[in-house]
Structure formats: C-alpha cells, structure tokens
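One gets the working numbering by counting positions in the sequence shown from 1 and adding 1442 to each.
Think of the CB as a built atom: it goes at the ideal place given N, C-alpha and C, for glycine as much as any other residue.
Since we're looking at a predicted model, the values are computed, not measured.
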Amino acid sequence: MKNTQPIGIFDSGIGGLTVAKAIEELLPNEQLIYVGDTQHMPYGDKSPEHIRQYCKQIVAFLLSKNVKLIVIACNTASSVASSYLRSIFWEQVEIMGVIRPIILSIIEKKYKKIGIIGTQGTINSNIYETLFREYGSEVEIFQLATPLLAPMIEQGFINNEVSKAILDEYLKNEQFNDKEAILLACTHYPLIKNEVNNYFHQSKDILDNALPMANRVKSYLSEKNLLVTEKINPSIFYVTEYTENFENTSKIFHGSKIQIEEIDLK
Ligand code: DGL
1443 MKNTQPIGIF DSGIGGLTVA KAIEELLPNE QLIYVGDTQH MPYGDKSPEH
1493 IRQYCKQIVA FLLSKNVKLI VIACNTASSV ASSYLRSIFW EQVEIMGVIR
1543 PIILSIIEKK YKKIGIIGTQ GTINSNIYET LFREYGSEVE IFQLATPLLA
1593 PMIEQGFINN EVSKAILDEY LKNEQFNDKE AILLACTHYP LIKNEVNNYF
1643 HQSKDILDNA LPMANRVKSY LSEKNLLVTE KINPSIFYVT EYTENFENTS
1693 KIFHGSKIQI EEIDLK
C-alpha cells in the first residue's frame, strides 16, 4: 500500500456523503472514491443476502480503483455485510464499518440511556445492542426502526411539513422521553439533526456516525503510515443510477456541488 492511494467509501445513496464530508474536513489531502448504490437504494428494507451481494460488487469496483482502505458509510450495510466482506477481501484491503467507532464514543461519554433510530435492516440486526454488550457496556437502549426517513431525505424532503409530520410520528414514542441522547444510526439522518433536536427542545444530545468514523480513519491511516502528505487528486463520486435529484441533493449533504459519474457494476 502507498499513502497516495485513495480511500474507498460507499453507501446505498447519498447518506454516506455525511461521512465523506467529515473525512474530507479532517483529512483534506486524502482522495476519496465514493460509490452511492442509488440503483438499490434503500438498503434498509432489502434482505441481508441481497445487500451482501450489492456490497461485494462495490468493494470489487473500489479495489479496481486501487484504494488503500474501504469505509462502509452505511449502518445497514455495516450491520449485515461487514463480516461477510472482510471474510472475502481481508487479504486485499482493510474494510471498516461505521458502527464500532460511534459505539466506542458513546461508551466513552458514559451515557446511561440512549434512543437509537435507524433503518429496518439495522434495527432488526440488533447490532448495536450486540456490540454494546460485547464491549461490556450496560447502557440502556431503546431502538426504533424509522424506514420512511432515508427515502424521504434522499428525495430532499427536509425541514418541511412532510419531514416534520413523519418525524413527529416516530419520535412521539414515549420510550424516548427519559433518554439522554438519540443516536441517528443511519448516515442519511444527520441531514435532519436539527429537526430531531428541535422536536426534543434541545434537551438531548443528538449523535451520529460521521465524526467518530472520520477519527477512526485518521488513526488507522496514521498507525499504518498511510496518510497522504499533500493533495494530489480530487475526490471522485460515482452512482449506480444517475438522477438529477441525486446531484441536487448531494449538494446539501456534501456542502458543495460535486461532479457525479454513473457506473454499471454488473
Ligand atoms: N444510509 C444508510 C444507513 O446508514 C442506508 C439507508 C438505506 O438505504 O435504507 O443505514
């Protein structure tokens, strides 16, 4: 591996751009190769078997781009496909999911009770509960699947009547009342962070995967002596199905306009 190689990163759609943005802010010299699998979005309601196959094709594509590390910037794929992908590609590349970094950061902050919202796939996998217990944490958690949120956000429905009505419906669940923090366990959700915060009248910490993941990428590359020292190439963004909507919405996620190319992974 050379430090000048890019970092591969992927999600079902644009949600992973929230993670890409955090990595770019922390490590501005790194080149990212991003894949949004818009053809199969949302992953949240797909079977684990299908998600594993989609992810396998994406990882193979990223390897063809000579990446030095792969970040699964999607909770759903991290929940159901990360072990599978590592079992296939472990000799070629390090593959990291977004879940362990946020778990470690929550444990460090010593929360006692947290609420978690995510896709059906993430919540059904019970990965958060499993990993908290694996790390010996006794944090009390309440998890709720919120399947309408990722497609709603992907379509650009944020800060409006629609997003408010849907969020109210999910967040009114009284199990959230005594929680100190709410984890947005889907990389699309940072886009509605303010709305969630407002719903709870700023009374809870609202957490997401992006920064803990970016910090993990930095510490891994630094340990391996793989941090690039100067900016060589700009990041490249691919989708498996181009839509104009994606290009427009990606601007909100990424903060600036990005050039998107369509690829066929089959
Ligand atoms: N952004 C994704 C996640 O973190 C997936 C959303 C979806 O495709 O359902 O779970």
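Note: Q1585 is bridge-paired with I1558 in the DSSP secondary-structure output. Cβ contact annotation for G1557 (same chain, cutoff 6 Å, sequence separation greater than five): F1584, F1618, K1621 and I1624, in chain order.
Restricting attention to I1530, V1522 and V1604, the CA atom closest to the CA of I1569 is found in V1522. Look at G1563 here: in three-state DSSP terms it is helix. Within the region 1609-1661, the complete beta strand (DSSP E) segments at least 3 residues long are 1623-1627 and 1647-1650, listed from N- to C-terminus. L1459: member of the alpha helix (DSSP H) spanning L1459 to L1468, first to last residue. G1539 has its alpha-carbon roughly 15 Å from the corresponding atom of I1530. The region 1469-1488 makes contact with the region 1662-1677: 3 or more CB pairs, one atom from each, lie closer than 8 Å.
At a threshold of 8 Å, N1566 does not count as near the ligand DGL, since its beta carbon sits no closer than that to any of the ligand's heavy atoms. Residue environment analysis places N1651 among the buried positions, since at least 16 neighbouring C-beta atoms fall within 10 angstroms of its C-beta. In the structure shown, Y1684 falls within a coil segment according to DSSP collapsed to helix, strand and coil. Counting only the Cα atoms, K1463 lies some 17 Å from I1541.
Setting aside the 5 residues that flank it on each side, V1604 is surrounded in the same chain by M1594, each with a C-beta closer than 8 Å to its C-beta; the list follows chain order.
The beta-bridge partner set that DSSP reports for L1511 consists of I1449.
Beyond the five residues adjoining it in sequence on each side, T1682 comes within less than 8 Å, by CB distance, of V1477, G1478, D1479, T1480, Q1481, H1482, E1704, I1705, D1706 and L1707 in the same chain, given in chain order. Within its own chain, the residues whose Cβ lies closer than 6 Å to the Cβ of G1455, once the five positions on either side in sequence are excluded, are G1478, T1480, M1483 and E1596, listed in chain order.
For M1538, the enclosing beta strand (DSSP E) has its first and last residue at I1537 to G1539.
Per DSSP, reduced to three states, the secondary structure at E1704 is strand. As the crow flies, the alpha-carbon of Q1447 is around 11 Å from that of L1663.
CA-CA distance, N1601 to S1692, rounds to 16 Å. The three-state secondary structure of L1590, taken from DSSP, is coil.
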